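Q: Sequence lines, in order, name chains A and B.
First residue of the first sequence: 9, per the numbering used here; consecutive thereafter.
First residue of the second sequence: 9, per the numbering used here; consecutive thereafter.
Backbone N, C-alpha and C fix where the C-beta goes; we use that ideal spot for every residue, glycine too.
All values reported here derive from a predicted model rather than from experimental measurement.
Number of protein chains: 2
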Amino acid sequence: MNQKRELLLNTALDLFYYKGINSIGINEIIKVSGVAKKTLYSHFNGKNDLIMAVLNQRHQVFIKWLEDKLSRPGSDHELIDCLFESLQSWFDGNEQALGSFGGCFFINTSAEFSNQESDISHYCRYHKEQVRQLIQSKLNFKSPDLLNAICLLKEGAITTAYLTGESIEAIQSSKNVLHKIVC
Amino acid sequence: MNQKRELLLNTALDLFYYKGINSIGINEIIKVSGVAKKTLYSHFNGKNDLIMAVLNQRHQVFIKWLEDKLSRPGSDHELIDCLFESLQSWFDGNEQALGSFGGCFFINTSAEFSNQESDISHYCRYHKEQVRQLIQSKLNFKSPDLLNAICLLKEGAITTAYLTGESIEAIQSSKNVLHKIVC
DNA sequence: ACAAAAGTAGAACAACTTGTCTATCATTGA
DNA sequence: TCAATGATAGACAAGTTGTTCTACTTTTGT
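1) Given a limit of 7 Å on CB to CB distance, which residues of the segment 133 to 154 of chain B reach chain A?
2) Express the C-alpha separation of residue 75 of chain A and residue 122 of chain B in angstroms, rounding to a whole number.
3) Measuring alpha carbon to alpha carbon, tell me which residue in A:117, A:141, A:140 is nearest residue 131 of chain A.
4) Of the residues A:30, A:134, A:42, which one's Cα is nearest the Cα of residue 16 of chain A?
5) Go ahead and label residue 66 of chain B buried or exposed: buried means 16 or more other beta carbons lie within 10 angstroms of its beta carbon, across all protein chains shown.
6) Quick one: grab the DSSP three-state call for residue 100 of chain A.
7) Along the chain, where does the alpha helix (DSSP H) containing residue 68 of chain B start, and where does it finish?
8) Hey, residue 59 of chain B and residue 128 of chain B: beta-carbon distance below 8 Å or not?
9) How far does the alpha helix (DSSP H) with residue 190 of chain B in it reach, from first residue to last?
10) Three-state secondary structure (DSSP) at residue 115 of chain B?
11) Go to residue 164 of chain B, then tell me how far its alpha helix (DSSP H) extends in each direction, as first and last residue.
12) For residue 167 of chain B and residue 112 of chain B, what's the separation of their Cα atoms in angstroms?
13) Strictly below 9 Å CB to CB, what residues from chain A border residue 115 of chain B?
14) If the cut is a Cβ gap below 8 Å, which residues of chain B does residue 111 of chain A touch?
15) What does a CB cutoff of less than 6 Å around residue 103 of chain B pick up in its chain, not counting 5 residues either side in sequence?
16) In chain A, which residues lie less than 7 Å from residue 27 of chain B when you measure between Cβ atoms?
17) Just curious, the alpha helix (DSSP H) that residue 145 of chain B is in, first and last residue?
18) Quick one: using the 10 Å Cβ neighbour count with 16 as the cut-off for buried, is residue 176 of chain B buried or exposed?
19) Quick one, which residues of the segment 90 to 104 of chain B are near chain A if we go by CB-CB under 9 Å, in chain order?
20) With a Cβ-Cβ cutoff of 8 Å, do residue 189 of chain A and residue 154 of chain A count as a contact?
This is the structure:
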């Protein structure tokens, strides 16, 4: 019973993430997953409901991945290196948990749904807040500038890597710059 | 003759930028602009052609705006302040040339068209390159780290401002951090 | 003044969208 | 064993999409 639900969730995430939510119809999801349309509508109230569930699924996976990555480092210097090297590894498609890189799912989704008051936009904002809080909790040097810089450079690196494909230089510069801020 | 073309272009840009390209159909564009459907298809080969023309239009406007903003400052410190204060002003909707803020049109568009080999994605990449080159040409201190940091923080600030709505803190931190890099 | 060009409104079309519904088959728990 | 549950394929309604086309009117250059 829940196997079908998970299958639908994973298939939808794959299709939505790599091809865009508006470009993927219900029919494609059921065709790729091999699940009947009626089964989909018995698990989800509609496409919007499915999108929300997919966002939640991705959020759980991403946060778990990030928590795991940031659990080891001790000093802030190590944390910064660890964070940006993990991002680099993600961009290069070497992070199994996240799948091959297709940008930030939440940024992409937010760009597709321009209505800032929709449930979807709200969830994208929530995700970014959670990521920020996670990074903050791992920092020893509690400086707003440092936290802001880390989050902005991270965001910039993700969108730049997605848009241009290149990222090594950006990651290295981010690390260099941030090391200068840590007292 | 060209009046209709420009009217279509400006109407399409407005609708595409604030509501997303995939969410806006040809019928909406002709309804809002008041131009006949056949006239649209006499000026543009199809929706894709219109999108490319709109991207080009926005690119011209944005580059001209940025060139104007960055023409005054002398030192790199002034350049950094000027750039990020201009961004802040854009986010706040105080830059007439750019209209009210709806994120970066090229990032948003790139997120909607996931096929990285399409004409549309290529143009988005081209725009970002041009912006980077413009900033580079204005910098006295030719440091790759400085240029990368400026571009990444700028990108991060735009997407963060679009997603969360807040930006003042991010802009201030960006300036603080960058001033530490300039020798 | 008049022919050519450029505009108009909107019908038609094929291909798609989400969502509902019918009818049949398989699994399973008591 | 047998009723209940869950899944299946696919037709269907109602709507939207991009695009083409016809028939008519306005603008424009000479």
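A: Result, derived from the coordinates:
1) 133, 136, 152, 153
2) One-based indexing of the second sequence puts residue 122 of chain B at position 114. One-based indexing of the first sequence puts residue 75 of chain A at position 67. Approximately 28 Å, taken between the alpha carbons.
3) Here residue 131 of chain A refers to the residue found at position 123 of the first sequence. Looking at the Cα atoms, A:117 is the closest of the given residues.
4) Position 8 of the first sequence, counted from the first residue, corresponds to residue 16 of chain A. Closest in C-alpha terms to residue 16 of chain A, from the list A:30, A:134, A:42, comes A:42.
5) Translated into the one-based positions of the second sequence, residue 66 of chain B becomes position 58. Looking at its Cβ environment, which holds 16 or more other Cβ atoms inside 10 Å, residue 66 of chain B is buried.
6) Walking along the first sequence from the start, residue 100 of chain A turns up at place 92. In this structure, residue 100 of chain A counts as coil in the three-state DSSP scheme.
7) As a first step, residue 68 of chain B must be located in the second sequence, where it is residue number 60. Taken as a continuous stretch (DSSP letters only), the alpha helix (DSSP H) holding residue 68 of chain B covers 55 to 77.
8) Counting from 1 along the second sequence, the entry for residue 59 of chain B is found at position 51. Counting from 1 along the second sequence, the entry for residue 128 of chain B is found at position 120. Yes. Within cutoff.
9) Along the second sequence, one-based indexing puts residue 190 of chain B at 182. DSSP places residue 190 of chain B in no alpha helix (DSSP H); its state is neither H nor E.
10) Residue 115 of chain B sits at position 107 when you count from the first residue of the second sequence. Taken through DSSP and simplified to helix, strand or coil, residue 115 of chain B comes out as helix.
11) Working through the second sequence from its first residue, we reach residue 164 of chain B at position 156. Unbroken alpha helix (DSSP H) run through residue 164 of chain B: 152 to 172.
12) Taking the second sequence and counting its residues from 1, one reaches residue 167 of chain B at position 159. Taking the second sequence and counting its residues from 1, one reaches residue 112 of chain B at position 104. So the alpha carbons of these two residues sit roughly 7 Å apart.
13) Position 107 of the second sequence, counted from the start, is the residue given in the question as residue 115 of chain B. Residues of chain A passing the Cβ test: 115, 119, 167, 170, 171.
14) The count along the first sequence starts at 1 and reaches residue 111 of chain A at position 103. The answer, in chain order, is 119.
15) Taking the second sequence and counting its residues from 1, the one referred to as residue 103 of chain B is at position 95. Counting only residues of its own chain and dropping the five nearest sequence neighbours on each side, residue 103 of chain B has a CB closer than 6 Å to the CB of 97.
16) Position 19 of the second sequence, counting from 1, holds the residue named residue 27 of chain B. Per Cβ cutoff of 7 Å: 122.
17) Taking the second sequence and counting its residues from 1, the one referred to as residue 145 of chain B is at position 137. Run containing residue 145 of chain B: 127 to 146, per the alpha helix (DSSP H) assignment.
18) Against the second sequence, residue 176 of chain B aligns to sequence position 168. Flag for residue 176 of chain B reads exposed.
19) none
20) Mapped onto the first sequence, residue 189 of chain A falls at position 181. Mapped onto the first sequence, residue 154 of chain A falls at position 146. Yes, the pair counts as a contact, with Cβ atoms nearer than the cut-off.
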